[in-house]
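See structure below.
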Amino acid sequence: MRRKGEASSKKIGLYYEERAAEFLREQGYEILKRNFRCPAGEVDLIARDGEYLCFIEVKYRSEEEAGTPEEAVDGKKQRRISGAALHYLMRQGLADTTPCRFDVVGIRPGQIRVIKNAFSFKR
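Here the sequence shown is numbered in our numbering, starting from 1 and rising by one per residue.
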């Protein structure tokens, strides 16, 4: 059973993920995968930026009262993204020595900000 507003929240999320992907392409990222899901968690975007394989969380906030978009990527979310990243590496047959980083794209009305290497791998 869906919660009230879940479908519209999903649409909003997909809209802003697309805006983030466009912005990242303009910055030189190569988008490899969107909405990677596995038992460990989910990653909004997976991209290549130079030598780095980037696992990217996209967060949108329309109001500052809810905090910054980047603040929404708390320790619990970081652990889920880290687990999904490890799963992706294994599924793709990539070595655990592959240079990776975790980026966060924060979106507010009229502003997109990329924080490269926003957090370290979390268990």
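Ideal Cβ placement from N, Cα and C applies to all residues, glycine included.
Check, Outcome
"Delimiting residues of the alpha helix (DSSP H) encompassing K33", "Unbroken run through K33 is the beta strand (DSSP E), 30-38; no alpha helix (DSSP H)."
"K59, buried or exposed, once every other Cβ within 10 Å from all chains shown has been counted against 16", "buried"
"Residue range of the alpha helix (DSSP H) that includes L53", "Premise fails: L53 lies in the beta strand (DSSP E), 52-60, not in any alpha helix (DSSP H)."
"Own chain, CB closer than 7 angstroms to P109, minus 5 neighbours either side, in chain order", "S62"
"Alpha-carbon to alpha-carbon, A118 and L14", "21 angstroms"
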